[in-house]
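Novice:
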Amino acid sequence: MHFQINLDIMPKVRYIGYINYVEPWIHFSRESDEFILYIIENGTMYLEEDYKEYILKKGDFFLLEPNKFHKGYKKASCSYYYVHFKHPELTLTDKKYIERMMLKRKLALESDPFTEDISTESISFFGKHFNISNKLLLINLFYTFKDAINDYCKKLEDYKIYTSCKLHEIFIKICREYLTIIMNNQKKPLPRVYHTVQNIIDYINDEYQKKLTSTDIEEIFELNYDYLNRAFQKITGYSILNYLNIIRINKAKELISSTSLKVSEIGYLVGVEDPYYFSRLFKKYVGVPPSKYRI
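Position one of the sequence shown corresponds to residue 1 (UniProt numbering), numbered consecutively onward.
Put into structure tokens, the structure is as follows:
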């Protein structure tokens, strides 16, 4: 069972929270007029919806549907995050979504990250019930929930908008993870080169502060640099070096705008040790030297 969601539209959160039942507990009976999302932190929850039984365990994502009766059917200890919300374009679907979502990931990878254009497919898909085995993602989702709950409880201005933004973020991450799980089980996944290019992008964004050479990249990815560079440029439109330089210059622009650090210090922090080369590189990409950009 799968849902499709229009990510151009924000969900409207009514309530969000966290519960930790240390003693064995059985879920109460009810029928709600809104969606209810659960992510299980620990333990087990035995839940029945519309006469179908589910067993939710640590790391499970589960979406209860509006106007369907649900109840617990067995006691268990359980801790979980939950959110009650409405969304006008979140629906069950029988459409063939896998190829559509694989194309969406392919086009995202081929898109230009350095423009303001966001004209990409806004429809994404996820399963009603699946396990998030990616531990780092699960921790990230828990922190996002905690942040949203904390802000919701403070009830400062625009707190419901903030909470809805956080749920929107959660759905984007959930849809990405679900697609990754599906792709890993496909007989015809995306060509391996797309995964390699994605890994290079991740590597550059994580390591741009260091001195990176073609030899480093060859050793990390165990492939000829010229081949990697051609593949990278074909998919992204940028050479590896050009992409690295743009990342460094964009980070430098942030530091120049938000700190009083010297130009030489900023160059060092973004992976360019020679201050003269950094100034030339900055002017090449921005049009003015870093000293004038700050003014």
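Glycine included, each C-beta is placed from N, C-alpha and C at the ideal position.
To the nearest angstrom, report how far apart residue 105 and residue 126 are at their CA atoms.
Specialist: Going by the C-alpha atoms only, they are around 14 Å apart.
Novice: Quick check: the Cα distance between residue 231 and residue 37, rounded to an integer number of angstroms?
Specialist: In a straight line, the C-alpha of residue 231 is about 40 Å away from that of residue 37.
Novice: Per DSSP, which one or two residues make a beta bridge with residue 72?
Specialist: Looking at the DSSP assignment, residue 72 forms a beta bridge with 47.
Novice: Between which residues of its own chain and residue 286 is the CB-CB distance below 8 Å, once the five residues before and five after are set aside?
Specialist: If we look at residue 286 and ignore the five residues flanking it on each side, its Cβ neighbours are 249, 253, 293.
Novice: Mapping the DSSP letters down to three states, classify residue 144 as helix, strand or coil.
Specialist: Residue 144 falls in the helix class under three-state DSSP.
Novice: Determine whether the beta carbon atoms of residue 6 and residue 123 lie at a separation below 8 Å.
Specialist: Yes, these two residues count as a Cβ contact at 8 Å.
Novice: Under DSSP, the alpha helix (DSSP H) around residue 180 begins and ends at which residues?
Specialist: Residues 159 to 184.
Novice: I'd like to confirm the pairing. Which residues does DSSP put opposite residue 15 in its beta bridges?
Specialist: Answer by DSSP bridge pairing, in chain order: 84.
Novice: When you compare only the Cα positions, how much space is there between residue 21 and residue 92?
Specialist: Those two C-alpha atoms are separated by around 31 Å.
Novice: Based on DSSP bridge pairs, tell me the residues matched to residue 89.
Specialist: DSSP lists no partner for residue 89.
Novice: Taking 8 Å as the limit between beta carbons, can you name the residues of its chain near residue 140, skipping five residues before and five after?
Specialist: 173, listed in sequence order.
Novice: Name the residue from 165, 176, 241 whose alpha carbon lies nearest to the alpha carbon of residue 137.
Specialist: Comparing Cα-Cα distances from residue 137 to each of 165, 176, 241, the minimum goes to 176.
Novice: In the structure shown, what three-state DSSP assignment does residue 57 receive?
Specialist: If DSSP states are grouped into helix, strand and coil, residue 57 belongs with the strands.
Novice: Can you tell me which of the three DSSP states residue 124 falls into?
Specialist: Note: residue 124 maps to strand in three-state DSSP.
Novice: Starting from residue 221, trace the alpha helix (DSSP H) in both directions and tell me its first and last residue.
Specialist: Here the alpha helix (DSSP H) through residue 221 covers 214 to 221.
Novice: When DSSP labels each residue in this structure, what does residue 135 get in the three-state scheme?
Specialist: Reduced to three states, the DSSP call for residue 135 is helix.
Novice: Can you give the Cα-Cα distance for residue 15 and residue 23, rounded to whole angstroms?
Specialist: For residue 15 and residue 23, the distance between alpha carbons rounds to 24 Å.
Novice: To the nearest angstrom, how far is it from the Cα of residue 255 to the Cα of residue 212?
Specialist: Rounded to whole angstroms, residue 255 to residue 212 spans 20 Å at the Cα level.
Novice: Given residue 63, which residues of its chain have a CB within under 7 Å of its CB, disregarding the five upstream and five downstream residues?
Specialist: Cβ within range, chain order: 3, 35, 37, 128.
Novice: Could you tell me whether any Cβ in chain B is nearer than 8 Å to the Cβ of residue 179?
Specialist: No chain B is present in this structure, which holds just one protein chain.
Novice: When DSSP builds the beta bridges, which residues end up paired with residue 4?
Specialist: In DSSP, residue 4 forms a bridge with 91, 125.
Novice: In the DSSP assignment, what residue or residues form a beta bridge with residue 52?
Specialist: In DSSP, residue 52 forms a bridge with 49.
Novice: Less than 6 Å between C-beta atoms, sequence neighbours within five positions excluded: which residues of the same chain meet that for residue 45?
Specialist: The answer, listed in chain order, is 56, 78.
Novice: With 16 other CB atoms within 10 Å as the buried threshold, where does residue 336 fall?
Specialist: Nothing can be reported for residue 336: it is not among the residues displayed for the chain, which extend from 1 to 295.
Novice: According to DSSP, is residue 9 helix, strand or coil?
Specialist: The answer is coil: DSSP assigns residue 9 none of H, G, I, E or B.
Novice: Quick one: Cα of residue 210 to Cα of residue 83, how far?
Specialist: Approximately 41 Å, taken between the alpha carbons.
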